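J.:
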Amino acid sequence: MPPSDPSTATTTSGPGSPPRSLAKFGCARCRKHHLKCDRVTPTCGRCLNAGKTCNPPGLRIRETNEKKFKFTQKQRWVRTPRRLVFIDESRTAANDASSPDSGPDEFETVCGSPTITSDVSPTPTPPLPATGPPRFRAASPPERLRLMMISSVINPPVPSCPSWPLTDREEARLFRHFVEKLAVWLDLCDPNHTFETVVPQQARDYPVLLNAMFALSARHLGQTHSDDNMRRRYNQLADMYNEACINIMKDALISASYQSGWTEQLFAATIILQVMEEMNAALYDDNDEGDIDQDKAAGSGHIPGMHKFVREQSFEPGTLGAASFWIGLRQEIYSAVEKRRPVGLNLVHPGLFDRSLGDADDYTWANRAVVHCADVLNFSFDPGHHQPYRWDELNRWNQRWLERKPRSYDPIFREHQDSAVFPEIWYHRSCQGRSVIGVTHHLLARLFLLSHQNSPASRDEIQESIRKTVREICGTGCGNQWTPPGIFTACMAISAFGSYFDGVEEQDAMLAILEQTQRNHARPTEKVILHMLHVWGRYDTLVRRPHEKTPPNAAQTD
């Protein structure tokens, strides 16, 4: 499709309307880098953040389906195979192949590393484990040339692994930031601390993991750094590493043997990019209905392959795939609450899920609460699960979890709400956040069960129970800010049930939590803030409020 003149591509459909091409297809820079464009004119959010010129894509759209040429009914067509192999039969190529320097060893070097095959893109994915190099018989020079050409199509070369140790100081900083700052809260419910220990080691051999780590670290710094120039620089790096990671994944996504490409390393990289996608929402509008093609590509998360992979796979506990799944499930819960939809992952994994209430370690109790929260969200947002007996089952399980949870889940300090807006609840660092994850997800599930309660209790009693539970979640998040996921769950509770609060003091305290979460942890809360202001009837008088340094009850415990 030939490019059109940029001067003509910016014509508008009427006074004050955005450019037609930009409004429909996004800008040229976003399309080039395979990024979602918010299509804001005259400069989109990504170009504004990167300090780049924002131009329309320069596409010339054919507005007719009329065919200019027609073939007769007697036209004879030649059948062609699906896979084509192009062989250079020139004298130079033949001489190179028949040179004395080339021999069987050279051919075995080319064909000795089996990789994931693809019919479309030459960009390869990390090699699958092989039991040993295949053996080939010696071939004549012309035959060897033909086999080498075929090999280059069937087994594209593996991308060179990054040099180790890293020689770029900036990449080393991003690597360290991921391990020391981000992997810590990704691994909260993982006794093996897989993303803190295993993923960095495997990143040495899998560029898809390394680029995903770089992308997430750069985006987090691009959202939280105090210097505007550094924020812009890190966001540019995040886009660059994200594109590199997507290019490596592309074969697995579009190849005929779709599932064969989804190794655990690709799945883990997908989860990392999924976390980054949530941070991207703070920069760009993710709910634009006009960008149909890119929405289809994105699916319900960053990459639709994650959902297909999780639906069709079973995970062994303690593996990278299992660790990735638990992180993906928590991300799905966050998205389900925000978008008021069921959880999109398979919640039936024998050997991985434990919905019992017997004795177990603290990690298992936390993961039980996470799965229970997902079950409650499916009950709340999926009409097919909305039976009265199901509510009774979930409510009974919720109460029994609270009664049987281990003593290590008891807080070290609890001050009931007196003068403070939220009760102060502290947990010890020795629990490494798993108790905070378990308790807050249990309380979040409790909120949705209360909102669907059909008991004889009065409406006022139910609403007061909801407000009390929200206060407890907020108090837990504010009192344990050394583990950020606690405050993330508080944001979910505010988003779903903040409308139950009429007092200005409590509303301001919730706004402070939302603002601090976006400022310090790059979690997108601006839309929630605006929604709450509308619900509370304060949007016209308080559209932009001053940022508070810390929300009420913020405490650091040892």
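Residue numbers (our numbering): 32 to 589. Positions of the beta carbon are idealized from the N, C-alpha and C atoms, including for glycine. The structure presented is a predicted model; accordingly, all values stated were derived computationally and were not measured.
1) Evaluate A203 with the Cβ neighbour count: other Cβ atoms within 10 Å of its Cβ, from every protein chain shown; 16 or more gives buried, anything less gives exposed.
2) Taking buried to mean at least 16 other C-beta atoms within 10 Å of its own C-beta, is V379 buried or exposed?
3) What does DSSP give as the partner residue(s) for W457 in the beta ladder?
4) Along the chain, where does the alpha helix (DSSP H) containing C61 start, and where does it finish?
5) According to the Cβ coordinates, are L197 and F206 closer than 8 Å?
6) How is P131 classed by DSSP in three states: helix, strand or coil?
7) If you draw a straight line from the alpha carbon of S257 to that of E537, how long is it in whole angstroms?
8) Are the stretch 260-270 and the stretch 217-224 in contact at 8 Å, needing three or more beta carbon pairs?
9) Going along the chain, which residues of its own chain have a beta-carbon closer than 7 Å to the beta-carbon of F17, five neighbours each way excluded?
10) Checking 8 Å against the spacing of the C-beta atoms, do E363 and P555 come in under that value?
11) Roughly how many whole angstroms lie between the Cα atoms of Q232 and N242?
12) For V215, which residues from the same chain have a beta carbon less than 7 Å from its beta carbon, with the 5 sequence-adjacent residues on both sides left out?
13) How long is the line joining the alpha carbons of I544 and L561, rounded to whole angstroms?
14) Can you give me the C-alpha to C-alpha distance between V230 and Y272, rounded to a whole angstrom?
15) Within the same chain, show all residues whose beta-carbon is closer than 8 Å to that of N409, passing over the 5 residues directly before and after it, in chain order.
16) Alpha carbons only, please: which of A540, H473, W457 and W195 is nearest the one belonging to W513?
17) Could you tell me whether the Cβ atoms of N454 and R460 are closer together than 8 Å?
18) Taking S526 and V368 to be in contact with their CB atoms under 8 Å, please state how far apart those CB atoms are, rounded to whole angstroms.
19) According to DSSP, is R264 helix, strand or coil?
20) Are the beta-carbon atoms belonging to G517 and T471 less than 8 Å from one another?
21) How far does the alpha helix (DSSP H) with A353 in it extend, from its first residue to its last?
22) Give every residue of the same chain whose Cβ lies closer than 8 Å to the Cβ of D571, excluding the five residues on either side of it in the sequence, and list them in chain order.
23) Give every residue of the same chain whose Cβ lies closer than 6 Å to the Cβ of A397, excluding the five residues on either side of it in the sequence, and list them in chain order.
24) Within this structure, are the beta carbons of A275 and G253 separated by less than 8 Å?
25) Whole angstroms is fine: what's the gap from S387's alpha carbon to T350's?
26) Over what stretch of residues does the alpha helix (DSSP H) that includes D423 continue unbroken?
27) If Y237 sits next to Q296, beta carbons under 8 Å apart, how far is it from one beta carbon to the other, in whole angstroms?
28) So, at 7 Å on beta carbons, what are the nonlocal neighbours of G134 in its own chain, with the 5 sequence-adjacent residues on each side left out?
29) If you draw a straight line from the C-alpha of L480 to the C-alpha of N426, how long is it?
30) Measure how close the beta-carbons of V402 and F384 come, nearest whole angstrom, since I'm counting them as under 8 Å.
31) Exposed or buried, W195, counting other C-beta atoms within 10 Å across all chains shown (16 or more means buried)?
32) Expressed to the nearest angstrom, what Euclidean distance is found between the alpha-carbon atoms of A246 and F519?
33) Can you give me the Cβ contacts of P73 inside the same chain, cut-off strictly under 7 Å, excluding the 5 residues immediately before and after it?
T.: Once the coordinates are examined:
1) Numbered from 1 along the sequence shown, position 172 holds the residue referred to as residue 203. Exposed, because fewer than 16 other Cβ atoms sit within 10 Å of the Cβ of A203.
2) The sequence position of residue 379 within the sequence shown is 348, counting from 1. With fewer than 16 other Cβ atoms inside 10 Å of its own Cβ, V379 counts as exposed.
3) Start at 1 with the first residue of the sequence shown, and residue 457 comes out as number 426. Paired residues: F444.
4) For this step, residue 61 is matched to residue 30 along the sequence shown. Its alpha helix (DSSP H) spans residues A59 to K63.
5) Start at 1 with the first residue of the sequence shown, and residue 197 comes out as number 166. Start at 1 with the first residue of the sequence shown, and residue 206 comes out as number 175. In this structure, F206 lies closer than 8 Å to L197 by Cβ.
6) Position 100 of the sequence shown, counting from 1, holds the residue named residue 131. Its pLDDT being 44, under 50, P131 is placed unreliably in this model, and the coordinates cannot settle the point.
7) Within the sequence shown, residue 257 is the residue found at index 226, counting from 1. Within the sequence shown, residue 537 is the residue found at index 506, counting from 1. Between S257 and E537, the C-alpha separation is close to 28 Å.
8) Contact between the stretch 260-270 and the stretch 217-224 is absent, because fewer than three Cβ pairs lie under 8 Å.
9) This structure leaves residue 17 out entirely; the chain is present only between 32 and 589.
10) Your numbering for residue 363 matches position 332 in the sequence shown. Your numbering for residue 555 matches position 524 in the sequence shown. Going by C-beta atoms, E363 is not nearer than 8 Å to P555.
11) Within the sequence shown, residue 232 is the residue found at index 201, counting from 1. Within the sequence shown, residue 242 is the residue found at index 211, counting from 1. Taking the straight line joining both Cα atoms gives about 13 Å.
12) For this step, residue 215 is matched to residue 184 along the sequence shown. Within the same chain, V215 has close Cβ partners E227.
13) Start at 1 with the first residue of the sequence shown, and residue 544 comes out as number 513. Start at 1 with the first residue of the sequence shown, and residue 561 comes out as number 530. Here the C-alpha atom of I544 lies approximately 14 Å from the C-alpha atom of L561.
14) Locating residue 230 in the sequence shown gives position 199, counting from the first residue. Locating residue 272 in the sequence shown gives position 241, counting from the first residue. Cα to Cα, the separation comes out at about 17 Å.
15) Translated into the one-based positions of the sequence shown, residue 409 becomes position 378. Closer than 8 Å at Cβ, skipping near neighbours: P373, V374, L378 and H416.
16) Along the sequence shown, one-based indexing puts residue 513 at 482. Minimum Cα distance to W513 is reached at W457.
17) For the purposes of this step, residue 454 is identified with residue 423 of the sequence shown, where counting begins at 1. For the purposes of this step, residue 460 is identified with residue 429 of the sequence shown, where counting begins at 1. Here residue 454 is Pro; the residue named in the question, Asn, does not match the sequence. It is not a contact, given that the beta carbons lie outside the stated cut-off.
18) Translated into the one-based positions of the sequence shown, residue 526 becomes position 495. Translated into the one-based positions of the sequence shown, residue 368 becomes position 337. That belief holds up - the Cβ atoms of S526 and V368 are roughly 6 Å apart, short of 8 Å.
19) Indexing the sequence shown from 1 puts residue 264 at position 233. In the displayed model, R264 falls within a helix according to three-state DSSP.
20) As a position in the sequence shown, residue 517 is number 486, starting the count at 1. As a position in the sequence shown, residue 471 is number 440, starting the count at 1. In this structure, G517 lies near T471, with their beta-carbon atoms less than 8 Å apart.
21) Looking up residue 353 in the sequence shown gives position 322. That run of the alpha helix (DSSP H) goes L351 to K370.
22) Indexing the sequence shown from 1 puts residue 571 at position 540. For D571, where only same-chain residues beyond five positions count, there are no Cβ hits under 8 Å.
23) On the sequence shown, position 366 is the one that residue 397 refers to. Only C220, R465, I468 and G469 meet the Cβ criterion.
24) On the sequence shown, position 244 is the one that residue 275 refers to. On the sequence shown, position 222 is the one that residue 253 refers to. Taking a C-beta distance under 8 Å as the contact criterion, A275 and G253 do not qualify as a contact pair.
25) In the sequence shown, residue 387 corresponds to position 356, counting from 1. In the sequence shown, residue 350 corresponds to position 319, counting from 1. Rounded to the nearest angstrom, the two C-alpha atoms are 22 Å apart.
26) The sequence position of residue 423 within the sequence shown is 392, counting from 1. Unbroken alpha helix (DSSP H) run through D423: P419 to R435.
27) On the sequence shown, residue 237 is found 206 positions in, with the first residue counted as 1. On the sequence shown, residue 296 is found 265 positions in, with the first residue counted as 1. Going by Cβ atoms, the distance from Y237 to Q296 rounds to 5 Å, so yes, they are a contact pair.
28) Position 103 of the sequence shown, counting from 1, holds the residue named residue 134. The predicted model places G134 with a pLDDT of 41, which falls under 50 and marks its position as unreliable; any figure quoted below should be read in that light. Here the set comprises nothing.
29) Taking the first residue of the sequence shown as position 1, residue 480 is located at position 449. Taking the first residue of the sequence shown as position 1, residue 426 is located at position 395. Computed Cα separation, rounded: 7 Å.
30) Here the question's residue 402 lines up with position 371 in the sequence shown. Here the question's residue 384 lines up with position 353 in the sequence shown. Rounded to the nearest angstrom, the Cβ distance from V402 to F384 is 6 Å, consistent with a contact under 8 Å.
31) In the sequence shown, residue 195 corresponds to position 164, counting from 1. Counting Cβ neighbours within 10 Å, W195 comes out exposed, since fewer than 16 surround it.
32) Position 215 of the sequence shown, counting from 1, holds the residue named residue 246. Position 488 of the sequence shown, counting from 1, holds the residue named residue 519. Between A246 and F519, the alpha-carbon positions lie close to 21 Å from each other.
33) Position 42 of the sequence shown holds residue 73. Contacts found: C85.
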